[in-house]
Amino acid sequence: MLILHILLAIMLPPISVFIFTGFSIELLVNVLLSCCFILPGSIHALFILNRSRSGASKSTP
């Protein structure tokens with residue numbers, strides 16, 4: 001499942017960010033970055049993916 005999320009973050013960054021954050025300011029930032037070029041949007045999506053995974057592992061006992 002992680003590989004699918006990584007591929008989605010690289011290929012379609014706004015959809016990946018939407019899955020993890022919903023409608024948020026991070027989604028808007030990612031859409032703007034992706035409109036400029038796909039690479040900044042992909043990097044931002046991978047950052048959001050990493051942050052959400054590390055936050056989920058810290059909250060579990």
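Its first residue numbered 1, the sequence shown is counted upward by one per residue in the working numbering. We put the beta carbon where it would ideally sit given N, CA and C, even for glycine.
Relative to the C-alpha of residue i, which candidate in the options has its C-alpha closest?
| i | options | result |
| --- | --- | --- |
| P14 | L4, H44 and I3 | H44 |
| F37 | S54, G55 and M11 | M11 |
Below 7 Å CB to CB, which residues in the same chain sit around residue i once its five sequence neighbours on both sides are set aside?
| i | result |
| --- | --- |
| N30 | P13, P14, V17, G41, H44 and A45 |
| A9 | S16, S42, A45, L46 and L49 |
| E26 | V17 and I48 |
Report back the beta-carbon spacing between residue i and residue j to the nearest angstrom; my notes put them in contact at under 8 Å.
| i | j | result |
| --- | --- | --- |
| S52 | F20 | 5 Å |
Which residues in the same chain have their Cβ closer than 6 Å to the Cβ of residue i, if we skip the five residues on either side of it in sequence?
| i | result |
| --- | --- |
| S34 | P13, P14 and G41 |
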